[in-house]
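Please read the structure below before turning to the comments.
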């Protein structure tokens with residue numbers, strides 16, 4: 379799941395409404411949902427508080443409470459971010475999420491002295507704003523979400539709980555500029571612009587996922603065209619090879635007929651011509667070679683004449699009692 383982090387100051391029960399009461403054991407971390415809205419316009423959904431409780435139990439370890447969300451802002455810079463306490467247990471009360479806290483002595487003293495009066499949870503949520511799990515909390519004095527100031531659970535709520543102070547976690551001027559709006563645009567109009575932008579984004583994604591069909595061809599047709607192209611290339615290459623062989627043989631036979639190349643050297647010169655630039659090299663070579671023997675007429679002689687015997691051979695054949703054909707067959 380693609381999750382994001384957020385902090386929202388949900389004021390808790392007043393930490394020290396009366397001197398000597400100390401820090402509360404149980405504190406409110408989330409108001410009742412399902413819709414959660416910060417005063418700076420941010421929105422989330424707490425559809426199922428038990429899911430958050432189950433995620434905490436699955437985590438199996440206490441979650442830190444720090445000062446002013448130092449874990450998120452100071453710790454990544456290598457600066458100190460000490461814990462003020464540890465959330466050791468969660469439970470749902472009327473749709474709200476409450477947590478049992480083991481406070482440090484320093485934090486307990488600050489709460490009792492009313493130096494800190496509210497808690498802001500740090501939590502994870504989906505891209506659509508659904509709260510998935512708690513990541514911790516921070517002691518703060520300017521909550522963004524209306525909650526109860528920190529105090530003992532059995533104490534009356536602080537008078538400040540009905541009108542917690544405003545925290546602005548977002549530069550609305552910069553946001554207006556990014557959205558192309560005037561600097562004084564109301565929060566409702568800003569949210570409407572964001573929703574419109576999200577709608578345009580979803581439309582663009584849908585268009586990208588379903589491109590125009592006229593720009594594409596079925597896979598089977600494409601494969602068939604590729605096969606035909608490859609077959610044509612193979613046939614063309616074969617024709618080129620056959621033409622090349624015929625050209626090489628013609629050059630070699632011409633050199634043999636000119637008496638510059640011995641017939642027995644045909645295969646050697648074919649190999650030479652098969653290399654790149656080999657035919658041109660062979661032509662240049664033949665141009666510099668002397669005639670090593672005049673062309674013979676052996677291939678054009680009448681076979682009967684080539685087998686005729688001399689007078690001396692006929693005499694020997696007669697003495698041996700052989701016919702001319704029998705004598706010629708002996709090769710004598």
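Numbering (this note's numbering), first residue to last: 379 to 710. Cβ coordinates follow ideal geometry from the N, Cα and C atoms, glycine included. Computed from a prediction, not measured in an experiment: that's the story for all the values here.
Distance, Cα to Cα, residue 652 vs residue 595? Each residue's alpha carbon lies about 42 Å from the other.
Whole-Å CB distance - residue 477 paired with residue 467, under 8 Å assumed: Confirmed, Cβ separation roughly 7 Å.
CA-CA distance, residue 510 and residue 492? The straight-line gap from Cα to Cα measures roughly 31 Å.
Who are the near neighbours of residue 534 in its chain, counting only those whose CB is closer than 7 Å to its CB and skipping five residues on each side? In this predicted model, residue 534 has a pLDDT of only 34, less than 50, meaning its place in the structure is not dependable; the value taken from the coordinates is given anyway. Closer than 7 Å at the Cβ level, and outside the excluded window around residue 534, lies no residue.
State the Cα-Cα distance for the pair residue 504 and residue 426, rounded to the nearest angstrom. If I take the Cα positions, the gap works out to 14 Å.
Can you check DSSP and say which residues form a bridge with residue 406? As DSSP reads the structure, residue 406 sits in a beta bridge with 476.
Quick one: Cα of residue 433 to Cα of residue 403, how far? Each residue's alpha carbon lies about 21 Å from the other.
In three-state DSSP terms, what is residue 544? Confidence in residue 544 is poor, its pLDDT being 33 and thus under 50, which makes the residue's placement too unreliable to answer from.
What first and last residue would you give for the alpha helix (DSSP H) that runs through residue 444? First-last for residue 444: 441-445, but that is the beta strand (DSSP E), not the alpha helix (DSSP H).
Since residue 558 contacts residue 442 with CB under 8 Å, what's their CB separation in whole angstroms? That pair is no contact at about 40 Å.
Let's see if you can read the secondary structure: which residues bound the beta strand (DSSP E) around residue 559? Looking at the DSSP string, residue 559 is not in any beta strand (DSSP E), and its letter there is neither H nor E.
Given a threshold of 16 other Cβ atoms within 10 Å of its Cβ, counted over all protein chains shown, does residue 473 qualify as buried or as exposed? Counting other Cβ atoms within 10 Å of its Cβ, residue 473 stays below 16 and is therefore classed as exposed.
Output the boundary residues of the alpha helix (DSSP H) element that contains residue 327. There is simply no residue 327 to check, as the chain begins at 379 and stops at 710 in what is shown.
What does a CB cutoff of less than 6 Å around residue 667 pick up in its chain, not counting 5 residues either side in sequence? So the list reads 638, once near-sequence residues are dropped.
Helix, strand or coil at residue 688 [DSSP, three-state]: Here DSSP, grouped into helix, strand and coil, assigns residue 688 to coil.
Can you tell me which of the three DSSP states residue 638 falls into? It is coil, neither helix nor strand.
Our contact map puts residue 575 next to residue 419 with C-beta atoms below 8 Å; I'd like the distance itself, whole angstroms only. Rounded, the Cβ-Cβ distance is 14 Å, inconsistent with contact.
Between residue 489 and residue 408, is the Cβ-Cβ spacing less than 7 Å? In this structure, residue 408 does not lie closer than 7 Å to residue 489 by Cβ.
Reducing DSSP to helix, strand and coil, say where residue 465 ends up. It is a strand residue.
With DSSP run on the structure shown, which of helix, strand or coil describes residue 506? In the three-state reduction of the DSSP assignment, residue 506 falls in the coil class, being assigned neither a helical nor a strand state.
Just how far apart, CA to CA, sit residue 599 and residue 606? As the crow flies, the alpha-carbon of residue 599 is around 11 Å from that of residue 606.
Excluding five sequence neighbours on each side, which residues of the same chain lie with their C-beta closer than 8 Å to the C-beta of residue 430? Hits under 8 Å: 408, 424, 468, 475, 501, 509, 510, 511 and 512.
With a threshold of 16 other CB atoms inside 10 Å of the CB of residue 542, please say whether the residue is buried or exposed. Below a pLDDT of 50, predicted positions are generally treated as unreliable, and residue 542, at 34, falls in that range; the measurement from the model is reported next regardless. So residue 542 counts as buried.
Nearest-angstrom Cα separation, counted from residue 663 out to residue 632: Cα-Cα distance, rounded: 13 Å.
Given that a residue counts as buried once 16 or more other Cβ atoms are within 10 Å of its Cβ, and exposed if not, what is residue 498? With 16 or more other Cβ atoms within 10 Å, it is buried.
Hey, could you find the ends of the alpha helix (DSSP H) residue 452 is sitting in? That residue, residue 452, is in no alpha helix (DSSP H); it is neither H nor E in DSSP.
For the putative contact between residue 626 and residue 648, defined by C-beta atoms under 8 Å, what is the C-beta separation to the nearest angstrom? About 6 Å separates the two Cβ atoms, so the contact holds.
C-alpha gap between residue 481 and residue 494, whole angstroms: Using only the alpha carbons, I get a separation of about 13 Å.
Using the three-state DSSP reduction, which class does residue 694 fall into: helix, strand or coil? Residue 694: helix per DSSP, three-state reduction.
Simplified DSSP assignment, three categories, for residue 460: Coil at residue 460, not helix or strand.
Of the residues 516, 462 and 405, which one's Cα is nearest the Cα of residue 450? Residue 516 is the option with its Cα nearest to residue 450.
Tell me whether residue 608 sits in a helix, a strand or coil according to DSSP, three-state version. Of the three classes helix, strand and coil, the one that applies to residue 608 here is helix, per DSSP.
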